[in-house]
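**Student:** Before I ask anything, let me first share the structure, which is written out below as structure tokens.
4 protein chains.
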Amino acid sequence: MGENTFGERFKITSFGESHGDLVGIIVDGVPAGLDFDTNFIQHELDMRKSGHSTLTTSRMELDKVIVLSGIFDNKTTGAPICLIIENKDKDSSKYINYKNILRPSQVDFTILKKYGGYADYRGSGRFSGRITAGFVMAGAIAKQILRKYDISVYAYTKSIGNVVDGENYDIDNYEKFINLREKTLVRAINTEKAKLMEELIKKVKTQKNSIGGSIKCIVNNFPVGIGAPIFNSIESKISHAIFSIPAIKGIEFGVGFRATKMKGSEHNDPWIIKEGKIQTEKNDSGGIIGGISTGMPIEFTVAVKPTATIGLPQKTVNIEKMNSVEIEFHGRHDPCIVPRVVSVVEAMAAIVLIDFLLIEGVIPTVFKP
Amino acid sequence: MGENTFGERFKITSFGESHGDLVGIIVDGVPAGLDFDTNFIQHELDMRKSGHSTLTTSRMELDKVIVLSGIFDNKTTGAPICLIIENKDKDSSKYINYKNILRPSQVDFTILKKYGGYADYRGSGRFSGRITAGFVMAGAIAKQILRKYDISVYAYTKSIGNVVDGENYDIDNYEKFINLREKTLVRAINTEKAKLMEELIKKVKTQKNSIGGSIKCIVNNFPVGIGAPIFNSIESKISHAIFSIPAIKGIEFGVGFRATKMKGSEHNDPWIIKEGKIQTEKNDSGGIIGGISTGMPIEFTVAVKPTATIGLPQKTVNIEKMNSVEIEFHGRHDPCIVPRVVSVVEAMAAIVLIDFLLIEGVIPTVFKP
Amino acid sequence: MGENTFGERFKITSFGESHGDLVGIIVDGVPAGLDFDTNFIQHELDMRKSGHSTLTTSRMELDKVIVLSGIFDNKTTGAPICLIIENKDKDSSKYINYKNILRPSQVDFTILKKYGGYADYRGSGRFSGRITAGFVMAGAIAKQILRKYDISVYAYTKSIGNVVDGENYDIDNYEKFINLREKTLVRAINTEKAKLMEELIKKVKTQKNSIGGSIKCIVNNFPVGIGAPIFNSIESKISHAIFSIPAIKGIEFGVGFRATKMKGSEHNDPWIIKEGKIQTEKNDSGGIIGGISTGMPIEFTVAVKPTATIGLPQKTVNIEKMNSVEIEFHGRHDPCIVPRVVSVVEAMAAIVLIDFLLIEGVIPTVFKP
Amino acid sequence: MGENTFGERFKITSFGESHGDLVGIIVDGVPAGLDFDTNFIQHELDMRKSGHSTLTTSRMELDKVIVLSGIFDNKTTGAPICLIIENKDKDSSKYINYKNILRPSQVDFTILKKYGGYADYRGSGRFSGRITAGFVMAGAIAKQILRKYDISVYAYTKSIGNVVDGENYDIDNYEKFINLREKTLVRAINTEKAKLMEELIKKVKTQKNSIGGSIKCIVNNFPVGIGAPIFNSIESKISHAIFSIPAIKGIEFGVGFRATKMKGSEHNDPWIIKEGKIQTEKNDSGGIIGGISTGMPIEFTVAVKPTATIGLPQKTVNIEKMNSVEIEFHGRHDPCIVPRVVSVVEAMAAIVLIDFLLIEGVIPTVFKP
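Going line by line, the protein sequences match chains X, Y, U and D. Per our numbering, the first sequence starts with residue 1, numbered consecutively. Per our numbering, the second sequence starts with residue 1001, numbered consecutively. Per our numbering, the third sequence starts with residue 2001, numbered consecutively. Per our numbering, the fourth sequence starts with residue 3001, numbered consecutively.
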């Protein structure tokens, strides 16, 4: 109830269902006078869409962005921007069969308990990963504004199963490795690791199984002194946004859980002067201290669970008959959603950070000519 | 700016500074007619206070709760409840010396950049862990209401440095191990592990160093069907609240980051019927699917970084002179804050969960006689 | 910025422009399981549309409601409901001529100063009365739910210029006078007065002028004990909503401004027992005391200014040339918008009141079968 | 529930009760670096306090402001500022007698229905006008910041009963008539009218009765282009705030209800150029068009009802015995609260306007040295 709006000054409202007519987003609070770049939004959408490689579900999502409001003479007007994609290649027939059989680790049971049987269950309805296409469109606008301030938000696949890319990438060379990232189907940087990841995904797909992974996100050039202690800490806002993405199980900033085994003398980031500017010698803090940005790159890593829907037989319950049954799911699904979540993580981070900058007055409400 | 209020129906507003007159919290939205239990609030405060063992800072915090508003005839009235503790044993002399020397991984630099030199820097002011005493008082009221509904929120120290208690505790036996927890200075369950943890903390203290750790929190008997997809998922709200606690570096739900290495067939929790009730055979999901409670225990783990303030010499910068200096900090500080954060984690979880139950109408606005 | 969302549990988000593709509303927080009545929404839209009598603008608004999301099997699902109407009969040619000439008491100047020339000025864009069609669609859903609880929200034209219907209508006879209201073009109750109002509007239209008026709104059967002191008083929320409607200049509850000339002994409403129930002998308080409902009808009156756009010559400024000019506006406009605002006032009142009932848990989040 | 916080960036949280220990306010979002002027806050409090003339209740309110947090070295720090006044001269004995007898047009019945008998009824508890002392303290901080930008917020008593000061005061001469205002006990401008108002109040006091009145508020020099269409219009926010004050029955902007009888040609404010600046020839719009400031003075008038508590015998109900009774109230009360509400109206207007300026980035988050 009232749960589909997020953000304070850069405010997004999500609507639509996986197998309804469309999925959409309203972006409110975009400063007037921004050149509106539909191509960039489309590029971001393409980064998350499926059906375009052997690694993803065979559902062909065309996902062409349609602008319904808020743009005039190719510029933002200060009015709410409504963006949608239509649902074309939907096949709901598979879902009806499973209406009374609870898919393991899927939302059937929790939805039933919350919405009393009235929710649109087709393709998981509001709980589908497809809803995040709206996030990506809103994030594309946020990123476009951040670019005006030389702030970049880039994520990549850090691990799939046991294939881990543990390298700490040189933060000055983003354009280069982003190019690399977009060339790999798994959205990884290291081409050797990418190959191993692809092989692993293909293998679990053959096994009618799925696999989890992790995504690292790095924000460069975010200004120092933004954020707040306690409730509006950068970590609080980013984690809130990231856990709005289905399938996320964890988030850590900087060294994260490794900090639990470290001593203060190891973990502390010494302050140094570099080119006349104060910064830290290393960045175990992940660019945030006391909830406020340090001026160093903001870094966080998220854990993505394996896709719940698998082809292998699973034990479960028929809620109508209240008996135990076995289920094999033959619908279309991704063996690993990590590569597709990469752009969603970027989008949510960008949405949160632009909100901070609008709140603090760093970004004006109008981009004057 | 406007950043010290949290929650929708159960709304808390934090105020006060570490070395000002007091630290306080206003709790708005507590249903009228609740028997107000000051002793329980005091007990919760005592769980986080320092100066009472060799493991914590020598700052003696008496921390007696004082009720300023909202209670009449020993019952809640529906009015905002203002609770404070006074700051007695404060010694600001140490901090003044360090005003221009940035303490590594401490908030001096970020505060300066955000507040332009006007913030109360004494004892880290609004950024002090002492602010969380207010959270604990508000959490005590939340817990008291949850108890009326047989919902319990219990956290314990899962690890200090490399000493890890990996056991998955039997969720039916809380009262017992809570009693154990309160007997150990480190707020752990396993007495053997607790002893090792204590020894480790004493050792790093002798070394003028500090150490991190992790805390696990388990919520029992939370009703099924509460929460929401996307922005108001239980994970979003809990993580938002938890990252409001200083020194938290990560959070994971259920198996968390381990999910990144699991296959769907391993991670999925099969639905079963037990005593006529639908539940899951195991709980890798941590009691939440699709942002909504499953009826199984809600489980999450948080990473706590080592205390930034240590006695060892550290490299840093004098911002007035803009040169490199070495710093040794002799103020009072905790070698490990994990045991003290345990009750703060419980408090923040309870605050979020009571808010969900008020929003969903599970808990009424008045406890009728 | 971020200014197009209203409400807490029953949350509406407005989008679209007067001369863009569409005008829309997202309604979030509608309980699942409600039979969705498109016909009733259409009826409400028809009540505010123009082009259907000699009294309104000649712009023919077909205004057929289109449902984009949130409905499944003709029932609400708990998901956000997106409703739009398309903009068909739009003629922007007139507006372009006046781009640099400030229309008196119109938004040209304030929009320019706020949005720096980027706003969609055609047909006043986001500032058009047409935006309120979205409010009416959302209000229709709110009213439909209120009807389930026997709560009715009815408004009527109380005055046009000096023609005032001062009668205090018998509150038990609504169905009857609502039927009357819908039969009069001016949305009045008294047919004699309605005739005089119509004549007055026709007269000012001939004079190329416009005229103001007032609207009274009465809510029957709203439960006692809903609302709050200070910031969430019923008056605060209703007035906030009502002033979201363009052209409103004032609001008063109960006897309103007449109270300024009354003594306490006159104004006070004596408590009486009637049919075993406590109520007041009269209702000068307008059904609200201390921000909380008394169980008596909630009554308020709003002032609507005369349409700013008139055909008579007016003195104004050309902002490009910065000189004084005279303007005569030949676009389509209403000589009196009061009759069309009646359904908007009802809608905003219904939206606020349903929000209160959801917050207080009077209305559940699911209408169980 | 959760209803005592107001504002977005300049956020106030109200707490305390009329006959509890204190009444307080937390002001969050005050920019750091403001010289904190306790004397000015005290002056504003003195403007609303009672017991200092024959016109008000004999309750002696000393109302000395006490600062509990947020100030360091006499400057604001960016932290929440907690301000309280203690309740000294309270006499609750009178109230207990009337516990079961509903005072006409008083909150006894609505409180009972909302809070189920648990509310602190002494002196009307949270519903007392005394709560507005907190608003005045917060408003004093807001006004102090507005003064830095040459924005003034001034209100005065426009009418008491039938004694009306209808003059449209020259807006350039505020300091002068403010001085006049503070010299009259009724907070009026015109000394002749003030004398008549005083006499009227004394007369109704002798009659054991009370009288209503109206207050006009004028904001000078507020920048053009601030505000928003629909939900965040200046009128929406100001009316929301004003109806948070007990006893307010109506609000109108500019000519307000008179607009209902005007033609467009009369009501429209012609744009003119004066000293090279665009403004309107008159100001019937009250400084706001389309929810956005025009740069002309923002003007609104509010209706205040007569005090409900009077000494004359009144008919009412004993809810315990459920019978009709007569009541005569002998507690201390104001025969007319209009003069005391004047400073509260100013405070709420200032709080809303500073919030707009912070949101739009006109006022920074830190006042740099």
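Where is the CB? At the ideal position from N, CA and C, for every residue including glycine. Since we're looking at a predicted model, the values are computed, not measured.
Where do the N-terminal and C-terminal ends of the beta strand (DSSP E) with Y/T955 fall, by residue?
**Tutor:** Given a span of 1001 to 1369 for chain Y in the structure shown, any question on residue 955 of chain Y remains unanswerable.
**Student:** Contact criterion: CB-CB distance below 7 Å. Does X/F253 meet it with respect to chain Y?
**Tutor:** Taking Cβ atoms only, chain Y reaches closer than 7 Å to X/F253, which makes this a yes.
**Student:** For the alpha helix (DSSP H) containing U/N2179, name the first residue and the last one.
**Tutor:** Its alpha helix (DSSP H) spans residues 2174-2183.
**Student:** With H, G and I counted as helix, E and B as strand and the rest as coil, what does DSSP make of U/D2284?
**Tutor:** Coil, per DSSP.
**Student:** Please list, in chain order, the chain Y residues whose beta carbon lies closer than 7 Å to that of D/C3217.
**Tutor:** Result: empty, since nearest Cβ-Cβ is about 24 Å, beyond 7 Å.
**Student:** Could you please give the first and the last residue of the uninterrupted alpha helix (DSSP H) stretch that includes D/D3108?
**Tutor:** D/D3108 -> alpha helix (DSSP H) spans 3108-3115.
**Student:** Below 6 Å CB to CB, which residues in the same chain sit around X/E320 once its five sequence neighbours on both sides are set aside?
**Tutor:** Within the same chain, X/E320 has close Cβ partners N100.
**Student:** What first and last residue would you give for the beta strand (DSSP E) that runs through U/K2216?
**Tutor:** That run of the beta strand (DSSP E) goes 2213-2220.
**Student:** Quick check: X/F356 and X/L34, are their CB atoms within less than 7 Å of each other?
**Tutor:** It is not a contact, given that the beta carbons lie outside the stated cut-off.
**Student:** What residue does the alpha helix (DSSP H) around X/N39 start on, and which one ends it?
**Tutor:** Unbroken alpha helix (DSSP H) run through X/N39: 38-48.
**Student:** Compare the C-beta of D/E3410 against all C-beta atoms of chain U and say whether one is closer than 7 Å.
**Tutor:** It is not possible to answer for residue 3410 of chain D, since the shown part of chain D is limited to 3001 through 3369.
**Student:** Taking 7 Å as the cut-off, decide whether the C-beta atoms of Y/K1249 and X/V224 are in contact.
**Tutor:** Cβ distance not < 7 Å, so Y/K1249 and X/V224 don't count as in contact.
**Student:** Tell me whether the region 2205-2223 of chain U and the region 2334-2352 of chain U touch, counting them as touching only if at least three CB pairs, one residue from each stretch, are closer than 8 Å.
**Tutor:** Flag = yes, the region 2205-2223 of chain U and the region 2334-2352 of chain U touch.
**Student:** Can you tell me which residues form a DSSP beta bridge with Y/A1194?
**Tutor:** Looking at the DSSP assignment, Y/A1194 forms no beta bridge with any residue, so it has no partner.
**Student:** Return the residue from the list D/F3253, D/V3304, D/G3166 that minimises the CA-CA distance to U/T2260.
**Tutor:** Comparing Cα-Cα distances from U/T2260 to each of D/F3253, D/V3304, D/G3166, the minimum goes to D/V3304.
**Student:** Excluding the 5 residues flanking D/V3027 on each side, which residues of the same chain have their C-beta closer than 6 Å to its C-beta?
**Tutor:** Closer than 6 Å at the Cβ level, and outside the excluded window around D/V3027, lie I3012, I3081, A3138, I3141.
**Student:** Sort U/L2200, U/K2202, U/E2175 by Cα distance to U/I2189 and report the nearest one.
**Tutor:** Of the candidates U/L2200, U/K2202, U/E2175, the one whose C-alpha sits nearest the C-alpha of U/I2189 is U/E2175.
**Student:** How would you write the range of the beta strand (DSSP E) that Y/E1252 sits in, first residue to last?
**Tutor:** Counting along the chain, the beta strand (DSSP E) containing Y/E1252 begins and ends at 1248-1253.
**Student:** Nearest chain Y C-beta to D/Y3115 closer than 7 Å, yes or no?
**Tutor:** It does; some Cβ of chain Y falls within 7 Å.
**Student:** Taking the alpha-carbon of X/G116 as reference, which of U/Y2154, U/K2075, U/S2124 has the nearest alpha-carbon?
**Tutor:** For the residues U/Y2154, U/K2075, U/S2124, the minimum Cα distance to X/G116 belongs to U/K2075.
**Student:** Among U/G2024, U/G2125, U/T2301, U/F2135, which has the Cα closest to the Cα of U/E2235?
**Tutor:** With distances taken between Cα atoms, U/E2235 lies closest to U/T2301.
**Student:** Restricting to runs no shorter than 3 residues, where is the beta strand (DSSP E) found entirely within the region 309-367 of chain X?
**Tutor:** Taking only runs of at least 3 residues, the beta strand (DSSP E) segments lying wholly in the region 309-367 of chain X are 314-318, 323-327.
**Student:** Measure the alpha-carbon distance for Y/D1063 versus Y/N1087 and round it to whole angstroms.
**Tutor:** Distance between the alpha carbons of Y/D1063 and Y/N1087 is about 8 Å.
**Student:** Which word fits U/T2206, buried or exposed, when buried means at least 16 other C-beta atoms lie within 10 angstroms of its C-beta?
**Tutor:** Its Cβ having fewer than 16 others within 10 Å, U/T2206 is exposed.
**Student:** Is it true that the CB of D/V3219 sits closer than 7 Å to the CB of D/I3298?
**Tutor:** Going by C-beta atoms, D/I3298 is nearer than 7 Å to D/V3219.
**Student:** Taking a contact to mean a Cβ-Cβ separation below 7 Å, would you say X/V352 touches X/A247 in this structure?
**Tutor:** In this structure, X/A247 does not lie closer than 7 Å to X/V352 by Cβ.
**Student:** Assuming D/A3155 contacts D/V3023 under a Cβ cut-off of 8 Å, what Cβ separation, rounded to an integer in Å, is found between them?
**Tutor:** The Cβ separation is near 21 Å, so there is no contact.
**Student:** U/T2077 by DSSP, collapsed to three states: which one?
**Tutor:** Correct three-state label for U/T2077: coil.
**Student:** When the cut-off is 7 Å and only beta carbons count, does Y/G1361 lie next to chain U?
**Tutor:** Judged by the 7 Å Cβ criterion, Y/G1361 is in contact with chain U.
**Student:** Using a Cβ cut-off of 8 Å, pull out every chain D residue sitting near Y/T1013, in sequence order please.
**Tutor:** Here the neighbours are T3005, T3013, I3026, D3028, P3080.
**Student:** Bridge partners for Y/Y1156 per DSSP, in chain order?
**Tutor:** Bridge partners of Y/Y1156: Y/K1216.
**Student:** Should U/R2130 be flagged as near chain X, meaning a C-beta pair shorter than 7 Å?
**Tutor:** Answer no: the Cβ-Cβ gap between U/R2130 and chain X never drops below 7 Å.
**Student:** Can you tell me which of the three DSSP states X/A32 falls into?
**Tutor:** Strand, per DSSP.
**Student:** What does the Cβ neighbour count give for X/G166, buried or exposed, with the cut at 16 atoms within 10 Å?
**Tutor:** By the neighbour-count rule (16 or more Cβ atoms within 10 Å), X/G166 is not buried but exposed.
**Student:** On a Cα-Cα basis, can you pick out the residue from U/S2244, U/G2029, U/V2204 that is closest to U/P2306?
**Tutor:** Closest by alpha carbon: U/V2204.
**Student:** Is DSSP giving Y/Q1207 helix, strand or coil here?
**Tutor:** DSSP places Y/Q1207 in coil when its eight states are reduced to three.
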